[in-house]
Structures are given as C-alpha cells and as structure tokens.
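S.K.: If you count the sequence shown from 1, position 198 lands on 198 in full-length UniProt numbering, and the numbers rise without skipping.
Positions of the beta carbon are idealized from the N, C-alpha and C atoms, including for glycine.
First, the structure itself, so that you have it in front of you.
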Amino acid sequence: MLVASQLTFSRAGRRIFRELDLSVSAGELVQVTGANGSGKTTLLRVLCGLLAPASGALTWHGAPVRSGDPAFLNALCYVGHTNGIDPDLTVTESLRLAMQLAGSHDSASEPFCVGQALEALELGKLAATPVRKLSQGQRRRVALARLLLARRALWLLDEPIASLDDRAADLFTAQLDAHLRAGGMAIMATHQLLSRPHGANRVLRLGGTA
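Laid out in structure tokens, this is it:
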C-alpha cells in the first residue's frame, strides 16, 4: 500500500541515504534499524511528509503522494522520538485532545474510547495526573495510547519502546499485534527489534553515515 522508490536524502551536503526502496502492506511491520546517524528518523520524517527527499517517489495505494496530501495524512499516525504532549494537561485530557485532532469524540459508540486506551496501556490510575508529573516511561505510554484513538491504517513510529520497561513494552507489542491483525501496517525505527509481532515482519538495515 505504501511504496517508496529510490529515495535519496541529503543534509548540508552530506548524503543520509541514497536510492532507498521500501514498501509495506496490510498486516505488515517493517522495522528499520541501523547505527546512530544512519537515517532512521530522517526516513520516517520523509515518509510522513515532514521532509522532502532530494529524489525518489512515494506512492499510497498506487497514487503519488504529494506534500500535504490529505488522503495520505488521514491514513497515518506518526509518533516521533519526542512525545509531543502538553505537560500541563492531564493524561485523560491529552488523550481526549488527541481524539479531537483525529476527528473523533470520546464516546462509548466509538470503536476505541479514552477509557479503553487508558486500560490497554495500564494508565488508568494516572488518568487525572498532569503529564508533567509522569516519568519518562509513563509519558511514552501516553504518547503511544494516541495510536489507539487515531485509528489510522499506517503507524510511523520512532523508537516506540524507548524509556519503556519490559511490562510496558509488552503492552505496546500487544496493541501493535492487534493493529496488524486488523489489517493495519507499521514502519518502526528502532534499536530494539521486536521478535514477537503478529504477521509479516521485515527488517530494513540502514548503512552508516555515508
């Protein structure tokens, strides 16, 4: 469904990656790994349109992806290396805001509501806690809970299990499994490869700092 062909990206005269091919389809996870500076984060930002490649093409369902393409943007959810959550909001307020930004409302009629997201990531006891009082691992779980509320086909994830303990990583993996079983897809930049996700699981290793 998503195909990147011959992508090349340079910054300040330095080539980060060149002529890179990548594809992901329904039910599939692609884990992107490599040394620091190999371009993992840069690749995700190119794929979600935050950065423009020097050359190459990106297609979604066979159609070229243009900058700001609403059909593509409405199909993806990006969780970056930083959590991107307001520290002055409570956990519940953060997730309700995420639902609103995704065009949904916190209602029992929704396929996944805030209460279910809190339960899935074991955040229920922290529901009324301001984000600024949370640990780094707890903040990461709040950021990942937004994936469940956005209900997007394509997840682009930058080091999703960074700062998570083993229990929290297992909780996230269970939600990733459910997403893939439902026909979703994910591209994940990581130093820690997941060995148990459901369905097809490919690894793309990026080179060094060429």
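So, at 7 Å on beta carbons, what are the nonlocal neighbours of Val-3 in its own chain, with the 5 sequence-adjacent residues on each side left out?
M.R.: Here the set comprises Ser-23 and Thr-59.
S.K.: In chain order, what are the residue ranges of uninterrupted alpha helix (DSSP H) at least 4 long that sit wholly in the segment 65-116?
M.R.: 70-73 and 91-101
S.K.: DSSP on Ala-4, reduced to helix/strand/coil?
M.R.: strand
S.K.: Compare the beta carbon distance of Val-46 and Leu-89 with 8 Å and say whether it is the shorter of the two.
M.R.: no
S.K.: Let's test the definition: count the other Cβ atoms within 10 Å of the Cβ of Gln-6 and tell me whether it reaches 16, buried, or not, exposed.
M.R.: exposed
S.K.: Could you pull the start and end residues of the alpha helix (DSSP H) that Leu-147 belongs to?
M.R.: 136-150
S.K.: Please list the terminal residues of the continuous beta strand (DSSP E) segment that includes Val-32.
M.R.: 28-33
S.K.: Just verifying my parser: in three-state terms, what is the DSSP assignment at Gly-56?
M.R.: strand
S.K.: So what does Leu-20 bridge to, in DSSP terms?
M.R.: Looking at the DSSP assignment, Leu-20 forms a beta bridge with Leu-7.
S.K.: If we count Cβ pairs, one from each stretch, closer than 8 Å, do we get three or more for the segment 166-178 versus the segment 84-103?
M.R.: The segment 166-178, when compared against the segment 84-103, does not touch it at the 8 Å Cβ threshold.
S.K.: Cβ of Ala-117 within 8 Å of Cβ of Leu-95?
M.R.: yes
S.K.: State whether the segment 62-80 contacts the segment 19-39, with contact taken as three or more CB pairs (one from each stretch) at a distance under 8 Å.
M.R.: no
S.K.: May I have the straight-line CA-CA distance separating Cys-48 from Thr-42, to the nearest angstrom?
M.R.: 10 Å
S.K.: Just the C-alpha distance for residue 216 and Leu-73, rounded to the nearest angstrom, thanks.
M.R.: Because the chain is modelled from 1 through 210, residue 216 falls outside the range shown and cannot be assessed.
S.K.: State the DSSP-derived secondary structure class of Ala-63, mapped to helix, strand or coil.
M.R.: Three-state result, Ala-63: strand.
S.K.: By how many angstroms is the C-alpha of Ser-195 removed from the C-alpha of Val-32?
M.R.: Cα to Cα, Val-32 sits roughly 13 Å from Ser-195.
S.K.: With a Cβ-Cβ cutoff of 8 Å, do Ala-120 and Leu-148 count as a contact?
M.R.: yes
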